[in-house]
């Protein structure tokens, strides 16, 4: 009781403040606790003017003419609670700040705070915190700090928080400043800049939503360099009671988790699925309606379509299957309806629902919608001989195809009435008309258009511009069945992220090979062959009747030359080789271009037979060639179309695409002669291989990445289940790797990771799989196990491989590894759960001395759950006022007076209770939260020291613990200086307690900080 009693005597107002805070917490749990003045003010308040930001999904954007996004829905919820009338005004972020300053706006719901507080506004508590990331092109270097951007050109958006921070702290950087986010991304894709600094929440959504494959998030910028995005509501200083009312409402929503639910829905849509919970009314309704009639679009692949066999398939069908399983009802497809007939059927209640449809004002008159479950951006497609269109403002003089009855027709008709729209029955027809030059462009969603371009082998149509629209596909039901829309939404909400991704990946992985259409070439080639045959025939006659037929011969020869010239021009234009194969003799004729593809001249290959050609074809491709020939000879395919590898003169393999057909049959229907063309597709194959490798393998080590490793683990579990075997998952983390990165640099760290990967490869068995999960985390999959002892041998081999020092630049570095092990089926039966359990066991290994392994137990899982819970609750705990300081007094033993105190940080969470510093401080250090928490401790401790100096002793001192992580903050000394100036505490009255590890690092920036603080009079002490 010594410490509380001490503070009750020397600083009574500090104790009273703590009591008031506890009372306030209890009151906000029961109500908003608005004061009478606030209630009267809100009752008299008219419309609240709020600028609306259009271009920041998923935070704030406009869709179908309505404000959408996390920040806008949060504003609507607050408005409902307080009875506010929101009047939204279109504005950019810079314009919205100016509007608040000039009293043209009352409230911002997306204000990003910084150290420079604006005096004309009042901030609320943060409603979102997000790190800043560098977005670059796919081949860009990884960015780990602003130092990595010294030689790069940036594009920044004016007045954004990150822009102000970069311009202030890094004024020498080359930067292009634009007004809007879309301009920034356009500059990046046009190669006008190397990186754009965006907040992580928007960047991830933007790249994923717009299916942008040429850009990537290249790295996270440390918060210590440019801060983090912290979004608040901000109220004009003219409305302090509005500010206090909103502040109380946000606090109430934070307490009852409403704020978190909104974040989960908008920012973390791939979160875990919930259980299906239907009301008794909904269950009764389903029992009375066991069959639901569904109208589908038969020509909208891959979303939904009718296949050649007459069966319906597509993305929406996969979702219907899952909903049938969850709801216990049957979805009956109404066969044979066109899209427009389906619309009419829903209007007349002859059909009950659409499986995939975009919401428009016209459709809301007769449909009730779920929330979107599939989003597909809408783009402009044109021929590849057309210059890049850009956007809809540049095509007013062109004929544009849209599918009749699709949402895009309504949107364009309303928003761009000047466009010359031409309706087509299907997306495939629209793209084919563009390919043939009958119309100038087609507007449709990327997914469907890409599918049909591949399926129809359209090689002269490309993406040519953007639109502001997207097909946000929802399910929709007839207007008299709103209860069904609610039931479908609940069922959709139970589909976990893995199933959503599986459905999407299944349909997006369908690939069609793009090859030119050589139909004209074949007709010309056949015609030329026939004419040549005729000429030979006529020559034999002319031997007997030379004089009589000379004129006709000359005429025929001219026709032959013309046809051959046309054929050769076409071949030259396509850069194709040609071949002619006489099956009865085996004779195989090729042209010069064919020989060039394989590094030869035609005479080098003479004589060519089918057998000598096949000798140079890759052994693994010969069976596929034979199968393609058989299919053509038996009438299953009109053409032979096959890809194969052929050996180049220099010894390497080139990829070729041969296409041809039989041009001569004998009387019994047997093929006699074939002709065709050949294309070199080596570059395309290499590009495909590169894309596939980037998607599945780690670029640094060449190991399978997390995605591929988990896929292989899933397959391994299936095989083990059939054979009644065990599978071991070994989660490997390099001990103290972060210290090496921090002290020796990331290049050294990368070299160690490459060496570590080599050691792991040499340590595992031939049947095992190794992958890199990210950072210094690796995984080994050990199959063919009969008991747990088998995997111990693998773990011992791995640990043995790390006992040898890493040799780098003439120095030896010792680095050990900690291993966590989980077993199938003992510990889990799913890939993800096995990985999580092995992760838990790995943390147990680190806690028990490192350089060892541990098998998973349920107690470890509980420990990891505790850690995850602490990390989650720590996020925002500072803003919620959960951290506070206790003080341990320092007593003069001679006089018995208090001459100073040591500040001790404590954390009390409403759900978890009091948490020990030994438990939460290591987590705060690892997550970086220790920096803002440390600033809070310093500021509060100095305020208390100032009060006690005035009341107790003018020379009252305060002792503060500093974490090693805080010394990596370049703003540490500056923050000390500002806090000293604000409180008036003398430098010599401050004592900093540090651990021995801080002094032993030898890092220059830590030495500089300690020297600077010591030079100002701060005392340094070792923490015991």
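Numbering (the numbering used here), first residue to last: 65 to 1088. A virtual CB, placed ideally from N, CA and C, is assigned to each residue, including glycine.
How would you write the range of the alpha helix (DSSP H) that residue i sits in, first residue to last?
| i | result |
| --- | --- |
| residue 498 | 491 to 500 |
| residue 995 | 994 to 1015 |
| residue 852 | 852 to 865 |
| residue 896 | 895 to 911 |
| residue 478 | 471 to 479 |
| residue 549 | 546 to 557 |
| residue 813 | 810 to 827 |
| residue 107 | 100 to 108 |
| residue 383 | 379 to 391 |
| residue 721 | Counting along the chain, residue 721 falls outside any alpha helix (DSSP H), though it belongs to the beta strand (DSSP E) covering 717 to 729. |
| residue 1051 | Here residue 1051 belongs to no alpha helix (DSSP H), and DSSP marks it neither H nor E. |
| residue 160 | 157 to 165 |
| residue 696 | 683 to 697 |
Could you spell out where the beta strand (DSSP E) holding residue i opens and where it closes?
| i | result |
| --- | --- |
| residue 198 | 196 to 201 |
| residue 953 | 947 to 955 |
| residue 521 | Careful: residue 521 lies outside any beta strand (DSSP E) and carries neither H nor E. |
Please classify residue i as buried or exposed, where buried requires at least 16 other C-beta atoms within 10 Å of its C-beta.
| i | result |
| --- | --- |
| residue 1075 | exposed |
| residue 477 | exposed |
| residue 423 | buried |
| residue 91 | Summary for residue 91: the model assigns pLDDT 39, below 50, so the residue's position carries little reliability, and this model does not support an answer. |
| residue 1053 | buried |
| residue 642 | buried |
| residue 983 | exposed |
| residue 802 | exposed |
| residue 1086 | exposed |
| residue 366 | buried |
| residue 235 | exposed |
| residue 266 | buried |
With a Cβ-Cβ cutoff of 8 Å, do residue i and residue j count as a contact?
| i | j | result |
| --- | --- | --- |
| residue 899 | residue 995 | no |
| residue 404 | residue 468 | yes |
| residue 870 | residue 877 | yes |
| residue 434 | residue 553 | yes |
| residue 293 | residue 227 | no |
| residue 1020 | residue 963 | yes |
| residue 662 | residue 713 | yes |
| residue 764 | residue 814 | yes |
| residue 464 | residue 453 | no |
| residue 556 | residue 703 | no |
| residue 735 | residue 697 | yes |
| residue 300 | residue 167 | yes |
Relative to the alpha-carbon of residue i, which residue among the options has its alpha-carbon at the smallest distance?
| i | options | result |
| --- | --- | --- |
| residue 1106 | 266, 219, 123 and 311 | Absent from the model: residue 1106. The displayed extent of the chain is 65 to 1088, so no value can be given. |
| residue 379 | 511, 232 and 1006 | 511 |
| residue 985 | 1034, 963, 881 and 931 | 931 |
| residue 846 | 904, 777, 449 and 645 | 777 |
| residue 532 | 441, 942, 486 and 643 | 441 |
| residue 855 | 917, 1034 and 507 | 917 |
| residue 1010 | 997, 1044 and 999 | 1044 |
| residue 215 | 259, 185 and 232 | 259 |
| residue 971 | 956, 958, 988 and 955 | 988 |
| residue 102 | 808, 307, 371 and 774 | 307 |
| residue 160 | 185, 145, 148 and 143 | 185 |
| residue 432 | 547, 1041, 874 and 374 | 547 |
For residue i, which residues of its own chain have a beta-carbon under 7 Å away from its beta-carbon, when the five flanking residues on both sides are left out?
| i | result |
| --- | --- |
| residue 894 | none |
| residue 364 | 491 and 512 |
| residue 131 | 116 and 152 |
| residue 866 | 823, 879, 880 and 881 |
| residue 706 | 688, 689, 692 and 722 |
Among the residues of its own chain, which have a CB less than 8 Å from the CB of residue i, if the five just before and after it don't count?
| i | result |
| --- | --- |
| residue 65 | Note that residue 65 scores a pLDDT of 34, beneath 50, so its modelled location is shaky; the value from the coordinates is reported in the next line. For residue 65, where only same-chain residues beyond five positions count, there are no Cβ hits under 8 Å. |
| residue 195 | 263, 264, 284, 285, 287, 292 and 293 |
Which residues in the same chain as residue i place their Cβ atom closer than 6 Å to its Cβ, once the five residues preceding and following it in sequence are excluded?
| i | result |
| --- | --- |
| residue 526 | 448 |
| residue 471 | 422 and 424 |
| residue 207 | 198, 282 and 283 |
| residue 796 | 842, 881 and 883 |
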